[in-house]
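Quick mapping for you: the protein sequence lines, in order, are chains A and U. Counting from 585, one number per residue, gives the positions in the first sequence under the numbering used here. Counting from 543, one number per residue, gives the positions in the second sequence under the numbering used here. Inspection log for the structure reproduced underneath, given as structure tokens.
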Amino acid sequence: MTGFLQNTFNGLVSGAFYALLALGLAVIFGMLRVVNFAHGAFYMLGAFGAYVLLSEAGVPFWAALVVMPVALGLLGMALERAVIHRLTRLDPLYNFLLTFGLTLILQDLVKNRYGVQSSPYATPAELSGSLDLGLFDFPTYRVFILGFTVLLCVAVWWVLSRTRVGLVVRAATERPELTRAFGIDVGRWVTPVFGFGIGLAGLAGVLAAPMRAVNPLMGADLIIVVFAVVVIGGLGSIFGSVAAGFGIGLVQAWGEAYLSDFPIVSQTAVFVVMAVVLLWRPAGLFGREEAPA
Amino acid sequence: MAAASAVVVLLVAGCGGGGPQSSGGQKLTGDRIVLGVLNDQSGAYSELSGKNSVKAVELAVADFKAKYGDRAVTRNISVETADHQNKPDVANSKAAEMYDRRGVDLILDVPTSSAALKVADVAKEKRKLYFNIGAATTDLTGKSCNRYTFHYAYDTYMLANGTGKSTTEQIGKNWYILYPNYAFGQDMEKSFSTAITQAGGAVVGRDGAPFPNTAGDYSTYLLKAPTLKPKPDVLGTMQAGAELVNVVKQYNEFKLRDKGIGLAVGLMFITDIHSLTPAALAGTTYTDAWYWNFDQRNREFADRFRAETGTRPSFAHAANYSAASQYLEAVQAAGTDDADTVVGGLEGKTVDDVFLRNGKIRAEDHRVVHDAYLAQVKPAAEVTEPWDYVKVLKTIPAAEAFRAPSPDCAL
Chain A
585 MTGFLQNTFN GLVSGAFYAL LALGLAVIFG MLRVVNFAHG AFYMLGAFGA
635 YVLLSEAGVP FWAALVVMPV ALGLLGMALE RAVIHRLTRL DPLYNFLLTF
685 GLTLILQDLV KNRYGVQSSP YATPAELSGS LDLGLFDFPT YRVFILGFTV
735 LLCVAVWWVL SRTRVGLVVR AATERPELTR AFGIDVGRWV TPVFGFGIGL
785 AGLAGVLAAP MRAVNPLMGA DLIIVVFAVV VIGGLGSIFG SVAAGFGIGL
835 VQAWGEAYLS DFPIVSQTAV FVVMAVVLLW RPAGLFGREE APA
Chain U
543 MAAASAVVVL LVAGCGGGGP QSSGGQKLTG DRIVLGVLND QSGAYSELSG
593 KNSVKAVELA VADFKAKYGD RAVTRNISVE TADHQNKPDV ANSKAAEMYD
643 RRGVDLILDV PTSSAALKVA DVAKEKRKLY FNIGAATTDL TGKSCNRYTF
693 HYAYDTYMLA NGTGKSTTEQ IGKNWYILYP NYAFGQDMEK SFSTAITQAG
743 GAVVGRDGAP FPNTAGDYST YLLKAPTLKP KPDVLGTMQA GAELVNVVKQ
793 YNEFKLRDKG IGLAVGLMFI TDIHSLTPAA LAGTTYTDAW YWNFDQRNRE
843 FADRFRAETG TRPSFAHAAN YSAASQYLEA VQAAGTDDAD TVVGGLEGKT
893 VDDVFLRNGK IRAEDHRVVH DAYLAQVKPA AEVTEPWDYV KVLKTIPAAE
943 AFRAPSPDCA L
């Protein structure tokens, strides 16, 4: 029983990363209809930024947790204004290619400066060690990640469902044309929402630095799974992306724990789930069929 | 992504073809010697081999010219390089291109076992020399061995024999083995299990983790380890590169060392210790083919290497230097670069250089045997200079470090 709970807990921690990344992808897709392939690269920049801040300027983890998402969010906004914005009227494929190209450029710039070898990043002293959770001990840092992510998701949910800004974003995400028809300036929210999504990716990167290998390809490895998560949750569905993120984390952890003789299962589980969901509900678990234009 | 690599593969494949050159009659083909370094120049292994392996080979060329001066068989020695991206198909066509069109006499390095085996086939077909340094598979001197292929630095048997045997004897008998579930990992798991059992230990659990592990999470296995009965004394991880970094970070997170489970690493390079920091690995044992600060002779080479590259050499770098030097010496002695003549001179030769201690180029299977080292990562407090991260616990004599010639190999 303890083992099951531990594995469940771990699945949720892995899921927290998926959820943060998928949430950013979902709001960006909802608002801009852009499939942001560069999301993984911003996740990587978040982790690398934390490493560079610590090793070259002595900036601790806590400060990086604030600085990096904000800095990357601003960079994201600048990119949206400078290039992505210009392609949104064209076929979505153009922006997909653009962000794919951006990914390669960002990865190679980091590779060129820091090499492919993983860079060291220690767990902050306050969060090292383990916590007694009653039934079992668990690494403090993992408890922190899970708690922090859940709080953040609740906060995002609150902003979206209880504030006027959230109302506009939700409306614009689900029915952009109709929202415009009500005289709401959807355009002015596009850039901040893109920046917000990128900021979340950066945040996930900073959180990953102490427990995962920090190297230029860390985002490229993860992003494919995150895309599958977003599709399962329903493209553009904010709740769906978070739920699917945690769900896939659990499926992978349980698969590894209880089907360890068949490693192929946990490796492909996410894609099998995606295929099944697409057959059963083509718009994803929580997605809504696009209204015919 | 897939489309992009397909284009690259097509472009590269287009460069292959052409028949082997004949080299009989003349002293040196084209009156020159061309060394070709074929390795990973941008991916996961580019730090432990990559461009710095090229530098090491260039250093060997410079030393050869300085040593022989006007008596050298030729002063026209050049170094060609190519990036095989760790892909067997790319390695295959690049190797053919090197031998056929770039006049390469000897291909060096070639990390990644699957790519290394392809190049062995090319060397055999073109009847040109190939010294593999970067790859681990024992098949290079087993069922895929051939007259023109030599395996220089290390292999899975050497790693398992060194680490598996001595860790079982010195640290603990019960092992839990975690390996990446593909050819290299499976090969390592088998080699380790054999070595552990022979040393009187037992493998109480073994798990193949998905490869590549996109989630980057190994917590399931790390949680499982302490619950196994009997409880393992050692976690043996066969992961390499970034995956190894993930495993070790999470091993520390779950405090397995405090729970009485030590860590043994199947394959580790000095560059891995650098990226994890010695603190994260303190006490970990592994088998090293060469260590830069082992003695004064190694240190002098490491100083020269640092002057060229700004970093300390991994064992692969030192082995590339040594392999290039030994080849040039063999050509000098033979007076020709004719592959068959040079092979004849190399077979059975005993060698002692900065990399090869008590070295011997075995005629039976072309395994280059030499002393190996059981190393342990120092506690952070004992690290007094950058890159000096390990102490050598013991030297494993050349005769014991490698397996006996395999019956699978018929040259």
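All C-beta atoms, glycine included, are put in the ideal place defined by N, C-alpha and C. All figures in this text were calculated on a predicted structure; none of them were measured in a lab.
Beta-carbon contacts of residue i that lie in its chain and below 7 Å, excluding the five residues immediately before and after
i	result
Tyr793/U	Leu764, Leu777, Leu805
Phe897/U	Trp832, Ala860, Ala861, Tyr863, Ser864
Gly585/U	Gln627, Asn628
Thr851/U	Asn594, Lys597
Gly868/A	Val815, Ile816, Gly817, Gly818, Leu819, Ser821, Gly824, Val861
Gly750/A	Val743, Leu744
Leu770/U	Tyr718, Val746, Gly747
Rounded Cβ spacing between residue i and residue j (contact assumed at less than 8 Å)
i	j	result
Ser714/A	Lys797/U	6 Å
Leu570/U	Thr616/U	6 Å
Ala792/A	Asn594/A	Contact flag wrong, Cβ pair sits at about 15 Å.
Leu823/U	Val925/U	Contact flag wrong, Cβ pair sits at about 11 Å.
Val753/A	Met615/A	7 Å
Tyr725/A	Leu711/A	5 Å
Pro847/A	Asn723/U	5 Å
Asp805/A	Pro754/U	7 Å
Ala972/U	Val652/U	The structure shown does not extend to residue 972/U, since chain U is modelled only from 543 to 953, so the question has no answer here.
When the options are compared against residue i, the one with the closest alpha-carbon
i	options	result
Lys668/U	Pro947/U, Ala657/U, Ser635/U	Ser635/U
Thr756/U	Ala622/A, Thr852/A, Ile729/A, Gly718/A	Thr852/A
Leu659/U	Ala866/U, Asp814/U, His626/U	His626/U
Leu720/U	Leu809/U, Leu577/U, Ala917/U, Phe692/U	Leu809/U
Thr710/U	Gly611/U, Gln740/U, Thr698/U, Asp729/U	Gln740/U
Tyr678/A	Met585/A, Gln691/A, Phe621/A, Pro704/A	Phe621/A
Arg730/U	Gly714/U, Gly750/U, Asp879/U, Lys715/U	It is Met, not Arg, that sits at residue 730/U in the sequence shown. Selected option, being the one with the closest Cα: Gly750/U.
Leu819/A	Leu863/A, Leu609/A, Phe601/A	Leu609/A
Ile782/A	Ala812/A, Asp769/A, Pro760/A, Leu605/A	Leu605/A
Gly592/U	Ala867/A, Leu658/A, Val700/A	Val700/A
Asp612/U	Gly743/U, Ala744/U, Gln874/U	Gln874/U
Ser817/U	Tyr635/A, Arg673/A, Met585/A	Tyr635/A
Ser856/U	Ile812/U, Tyr828/U, Asp907/U	Ile812/U
Pro947/U	Ser655/U, Thr937/U, Arg904/U	Arg904/U
Tyr698/A	Ser588/U, His693/U, Asp775/U	Ser588/U
Val790/U	Asp845/A, Pro644/A, Thr707/A, Phe870/A	Thr707/A
Own chain partners of residue i with C-beta closer than 8 Å, once the 5 adjacent residues on each side are dropped
i	result
Gly633/A	Ala648, Val651, Met652, Ala655, Leu656, Gly786, Gly789, Val790
Arg841/U	Trp834, Asn835
Lys902/U	Gly890, Lys891, Thr892, Val893, Val910, Val911, His912, Ala940
Lys666/U	Asn688, Arg689, Tyr690, Thr691
Ala943/U	Met700, Asn703, Gly704, Val911, His912, Asp913, Ala914
Gln590/A	Phe720, Phe722
Arg799/U	Tyr793, Leu805, Gly825
Ile803/U	Tyr718, Ala767, Pro768, Lys773, Pro774, Asp775, Val776, Leu777
Exposed unless 16 or more other CB atoms sit within 10 angstroms - verdict on residue i
i	result
Met628/A	buried
Asn799/A	buried
Leu618/U	Looking at the sequence shown, residue 618/U is not Leu but Asn. It is exposed - the Cβ of Asn618/U has fewer than 16 other Cβ atoms within 10 Å.
Ala949/U	Note that residue 949/U is Pro in the sequence shown here, rather than Ala. Exposed, since its Cβ has fewer than 16 Cβ neighbours within 10 Å.
Val738/A	exposed
Leu762/A	exposed
Glu871/U	buried
Thr762/U	buried
Gly567/U	The predicted model places Gly567/U with a pLDDT of 44, which falls under 50 and marks its position as unreliable; any figure quoted below should be read in that light. It is exposed - the Cβ of Gly567/U has fewer than 16 other Cβ atoms within 10 Å.
Met795/A	buried
Phe766/A	exposed
Val813/A	buried
Val743/A	exposed
Ala917/U	buried
Own chain, CB closer than 6 Å to residue i, minus 5 neighbours either side, in chain order
i	result
Gly839/A	Val849, Ser850, Ala853
Ala702/U	Ser733, Phe734, Ala737
Leu717/A	none
Tyr869/U	Leu648
Thr623/U	Val579, Val596
Gly783/U	Ala586
Met661/A	Thr775, Gly779
Ala844/U	Trp834, Arg854, Pro855
Gly758/U	Asn788
Ser565/U	Low confidence applies to Ser565/U: its pLDDT is 40, below 50, so where it sits in the model is not reliable, and the reading given next is rough at best. These residues qualify, in order along the chain: Thr571, Asp880.
Requested in this report: Could you say if the segment 930-939 of chain U and the segment 679-699 of chain U meet the contact criterion of at least three C-beta pairs nearer than 8 Å?
Outcome: When C-beta atoms of the segment 930-939 of chain U are compared with those of the segment 679-699 of chain U, fewer than three pairs fall below 8 Å, so the two segments do not count as touching.
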